[in-house]
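*Asks:* The listed protein sequences derive, respectively, from chains A and B. With this note's numbering applied, the first sequence corresponds to residues 135 to 458, in that order. With this note's numbering applied, the second sequence corresponds to residues 135 to 458, in that order.
Number of protein chains: 2
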Amino acid sequence: MRIVVLAGGIGGARFLRGLKSAAPDADITVIGNTGDDIHLFGLKVCPDLDTVMYTLGGGINEEQGWGRTDETFRVKEELAAYGVGPEWFGLGDRDFATHIVRTQMLSAGYPLSAVTEALCARWKPGVRLLPMSDDRIETHVAVTEPGSDGEEGERKAIHFQEYWVRLRASVPAHAVVPVGADQAKPAPGVLEAIAAADVVLFPPSNPVVSIGTILAVPGIREAIADAGVPVVGLSPIVGDAPVRGMADKVLAAVGVESTAAAVARHYGSGLLDGWLVDSTDEGAVAEVEAAGIRCRAVPLMMTDTDATAAMVREALALAEEVRA
Amino acid sequence: MRIVVLAGGIGGARFLRGLKSAAPDADITVIGNTGDDIHLFGLKVCPDLDTVMYTLGGGINEEQGWGRTDETFRVKEELAAYGVGPEWFGLGDRDFATHIVRTQMLSAGYPLSAVTEALCARWKPGVRLLPMSDDRIETHVAVTEPGSDGEEGERKAIHFQEYWVRLRASVPAHAVVPVGADQAKPAPGVLEAIAAADVVLFPPSNPVVSIGTILAVPGIREAIADAGVPVVGLSPIVGDAPVRGMADKVLAAVGVESTAAAVARHYGSGLLDGWLVDSTDEGAVAEVEAAGIRCRAVPLMMTDTDATAAMVREALALAEEVRA
Chain A
135 MRIVVLAGGI GGARFLRGLK SAAPDADITV IGNTGDDIHL FGLKVCPDLD
185 TVMYTLGGGI NEEQGWGRTD ETFRVKEELA AYGVGPEWFG LGDRDFATHI
235 VRTQMLSAGY PLSAVTEALC ARWKPGVRLL PMSDDRIETH VAVTEPGSDG
285 EEGERKAIHF QEYWVRLRAS VPAHAVVPVG ADQAKPAPGV LEAIAAADVV
335 LFPPSNPVVS IGTILAVPGI REAIADAGVP VVGLSPIVGD APVRGMADKV
385 LAAVGVESTA AAVARHYGSG LLDGWLVDST DEGAVAEVEA AGIRCRAVPL
435 MMTDTDATAA MVREALALAE EVRA
Chain B
135 MRIVVLAGGI GGARFLRGLK SAAPDADITV IGNTGDDIHL FGLKVCPDLD
185 TVMYTLGGGI NEEQGWGRTD ETFRVKEELA AYGVGPEWFG LGDRDFATHI
235 VRTQMLSAGY PLSAVTEALC ARWKPGVRLL PMSDDRIETH VAVTEPGSDG
285 EEGERKAIHF QEYWVRLRAS VPAHAVVPVG ADQAKPAPGV LEAIAAADVV
335 LFPPSNPVVS IGTILAVPGI REAIADAGVP VVGLSPIVGD APVRGMADKV
385 LAAVGVESTA AAVARHYGSG LLDGWLVDST DEGAVAEVEA AGIRCRAVPL
435 MMTDTDATAA MVREALALAE EVRA
């Protein structure tokens, strides 16, 4: 079975671990979000790709869900001693090596997809990990930061990471824009993988800044809609709140309610064939099905790999139901 | 007193520490060798400039004479795990931060001289440290590496660091070429500092790959010869062998004997006014003076800062003698 998964960072990576456990013989292609990529210290950092790679390759810091296990921060401390920041982005020493290799290969002319393949040659994630695009796309968020005197501040666009990591999504987001997406092309292999897929899965990743960004690359949404195979997603919202992260903040920016049903309608029946909501959101099933999307309520908490694998089996079962 | 010093790495840096001790009120400008600069992992590494900066700024690893104190090698280990080398060049985690800041500033368009000034704003070396040039110059060495079968190998040009660090100068050097020097210009401030100097000193640095490279930048040798102030050097050769390092290997490549007198004659009376040889080389004094260079035999071992300061005082005394 050929499975294509659109993945963000931590949630996507944990979902993939469950998928590998539930479907060990599946041929899995992951289309990874690169909208949260950022240039720091002159280096190209791809947080979502790395989180997938480290998680599936056994190098992740399990507690925090991102970054390397057994990490130290000597380089960052030294950069701070030079007065060079930002200090709010936690790049560890082992992690730095990944960004150094990536940046060196990009400078030598390799596209991000080839670089990602080279990095994965070490990590052996057990999936084919493709960036959504080789072109530079950076998600920016329009915010109004409070002025230093407590008064209403200036409205400005900041990098998603600054919004997410530095500000912890603590100020209202007026808009979320994947800058560069409109001019971008899917990376080599992305459209081919979708066309050859038996099923396409949307993990419970952020529908705006993770999966939404991937779908913003011209051609990807259309390829999924036209693939003629079941497309099944899992709600990142449980009981009207994100399971983890701050998805509600960016959903508000695009005018979508933080409910499992509203997210399904946001994707739409033109794209989505099936949708899993958490058991506590049983009441949303009818609303989702009324929107033309087959829906089931099942436990959706990724507490461990077994629980996640059970979610995956539900998603694959729903896909078979759709297919039949 | 305004003193200009041409400096390589470890020897130059230790000499400068003695100079600061012997002449605490002097206005010292250091013209640093950049011929041993190398691009590693996509980063610009300036070993000699950094050795001077770390030594005078209190950050050096005192035992080895280069690199940072209290150093770790996490980044390098991770790079090796990616199969990315070279492994023979010891870049530590704290040291990496310097190269990351430098590379980022160079990429942003700052010249090396401005970058060096910015790095020194942290280290406060107590001297004005100028790279000899903002232009890229890389010393290459023509060698014949033994073939894998023990037979005579191919003659080829390799980077100085590869010759010095990887091969430990263990194969004959046929030629030493500061690639790019002929097209380079002295960095801003270099010629001005020489013109304004009261004395110019050549520490016991490598006469070929350190001081020789600096003198290979068009305009610097001429500016020193034309400055009309005493130019005094200290022999790096004691008793027909280099005090440290492998200067004899590169002296052979340029057809100069490894003796204190031969090095003085190599610089020449058109450039050098005074020359200090070690007490054990008393016999060389007459030969050097016959070449038109005033010479004294004094203890020349930089065993500690006091011994080095004593050497500096001898050099400054010889300069006054020349001036009178």
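Here a beta-carbon is modelled for each residue, glycine too, at the ideal position from N, C-alpha and C.
#1: Mind checking if Ile234 (chain B) is an interface residue toward chain A, Cβ cutoff 8 angstroms exclusive?
#2: Within 7 angstroms: the Cβ of Thr206 (chain B) and any heavy atom of the ligand ATP?
#3: Can you tell me which of A:Leu405, A:Leu240 and A:Thr206 puts its alpha carbon nearest to the alpha carbon of Arg228 (chain B)?
#4: For Pro181 (chain B), name the three-state secondary structure that DSSP assigns.
#5: Does Gly373 (chain A) come out as helix, strand or coil in the three-state DSSP assignment?
#6: Quick check on the burial criterion: 16 or more other C-beta atoms within 10 angstroms. Buried or exposed for Ala357 (chain A)?
#7: So what's Gly260 (chain A) in DSSP terms, helix, strand or just coil?
#8: So, using beta-carbon positions, are Phe175 (chain A) and Val218 (chain A) closer together than 8 angstroms?
#9: Between Gln198 (chain A) and chain B, is any beta-carbon pair separated by less than 8 angstroms?
#10: For Gly176 (chain A), decide whether its Cβ has a neighbour in chain B, counting only Cβ atoms nearer than 8 angstroms.
#11: In angstroms, rounded to a whole number, what distance separates the CA positions of Val209 (chain A) and Leu253 (chain B)?
#12: Using three-state DSSP, classify Thr442 (chain A) as helix, strand or coil.
#13: Just curious, the beta strand (DSSP E) that Val334 (chain A) is in, first and last residue?
#14: By the DSSP assignment, the beta strand (DSSP E) with Leu410 (chain B) in it spans what residues?
#15: Roughly how far, in whole angstroms, is the beta-carbon of Ile328 (chain B) from the beta-carbon of Leu264 (chain B), given that I think they are within contact range, below 8 angstroms?
#16: Could you check which residue in A:Gly226, A:Pro364 and A:Ala231 has the C-alpha nearest to that of Ala214 (chain B)?
#17: Below 8 angstroms, how does it come out for the segment 379-389 of chain A and the segment 333-349 of chain A: are there three or more Cβ pairs, yes or no?
#18: Using a Cβ-Cβ cut-off of 6 angstroms (strictly less than) and excluding sequence neighbours within five positions of Leu349 (chain B), which residues of its own chain qualify?
#19: So, using beta-carbon positions, are Pro364 (chain B) and Arg457 (chain B) closer together than 8 angstroms?
#20: Does chain B have any CB closer than 8 angstroms to the CB of Arg117 (chain A)?
#21: Am I right that Ala307 (chain B) and Ala387 (chain B) are in contact with their C-beta atoms under 8 angstroms? What's the rounded C-beta distance?
#22: Of the residues that make up the segment 267-292 of chain B, which ones have a beta carbon closer than 7 angstroms to any beta carbon in chain A?
#23: With H, G and I counted as helix, E and B as strand and the rest as coil, what does DSSP make of Gly145 (chain A)?
#24: According to DSSP, is Ala350 (chain B) helix, strand or coil?
#25: Under 9 angstroms, CB to CB, which of the residues in the segment 318-336 of chain B have a partner in chain A?
#26: For the structure I just gave you, are there three or more beta carbon pairs, one from the segment 167-186 of chain B and one from the segment 178-196 of chain A, closer than 8 angstroms?
#27: Ignore the nearest five residues each way along the sequence and tell me which others in Lys319 (chain A)'s own chain have a CB closer than 8 angstroms to its CB.
#28: Can you pull the DSSP bridge partners for His274 (chain B)?
#29: Below 6 angstroms CB to CB, which residues in the same chain sit around Val390 (chain A) once its five sequence neighbours on both sides are set aside?
#30: In the segment 429-444 of chain A, which residues sit with their C-beta less than 9 angstroms from some C-beta in chain B, listed in chain order?
#31: Using the C-alpha atoms, what's the distance from Leu153 (chain A) back to Met435 (chain A)?
#32: Could you tell me whether the Cβ of Leu213 (chain A) comes closer than 8 angstroms to any Cβ of chain B?
#33: Is there at least one Cβ from chain A nearer than 8 angstroms to Tyr216 (chain B)'s Cβ?
#34: Taking Cβ positions only, does Arg228 (chain A) come closer than 8 angstroms to chain B?
#35: Does the beta carbon of Ser241 (chain A) come closer than 8 angstroms to any beta carbon on chain B?
#36: Quick check for students: name the residue ranges of the alpha helix (DSSP H) that lie wholly in the segment 204-272 of chain A, counting only runs of 4 or more.
*Replies:* Based on what the coordinates show:
#1: Yes, because at least one Cβ of chain A sits closer than 8 angstroms to the Cβ of Ile234 (chain B).
#2: The ligand ATP is not part of the structure shown, which contains no ligands of any sort.
#3: A:Thr206
#4: The answer is helix: DSSP assigns Pro181 (chain B) an H, G or I state.
#5: The answer is coil: DSSP assigns Gly373 (chain A) none of H, G, I, E or B.
#6: buried
#7: coil
#8: A contact, by the Cβ cut-off of 8 angstroms.
#9: no
#10: yes
#11: 15 angstroms
#12: helix
#13: First-last of the beta strand (DSSP E) with Val334 (chain A): Val333 to Phe336.
#14: Gly408 to Asp412
#15: Contact doesn't hold; Cβ gap of about 10 angstroms is too wide.
#16: A:Ala231
#17: yes
#18: Arg355
#19: yes
#20: Outside the displayed span of chain A (135 to 458) sits residue 117 (chain A), for which this structure offers no information.
#21: 4 angstroms
#22: none
#23: helix
#24: coil
#25: none
#26: no
#27: Ser267, Asp268, Asp269, Val351, Pro352 and Gly353
#28: B:His293 and B:Val311
#29: Excluding residues within five positions, the ones whose Cβ falls inside 6 angstroms are Ala396 and His400.
#30: With the criterion set as a beta carbon lying under 9 angstroms from some beta carbon of chain B, the segment 429-444 of chain A has no members that meet it.
#31: 14 angstroms
#32: yes
#33: yes
#34: yes
#35: yes
#36: 208-215, 227-241 and 246-257
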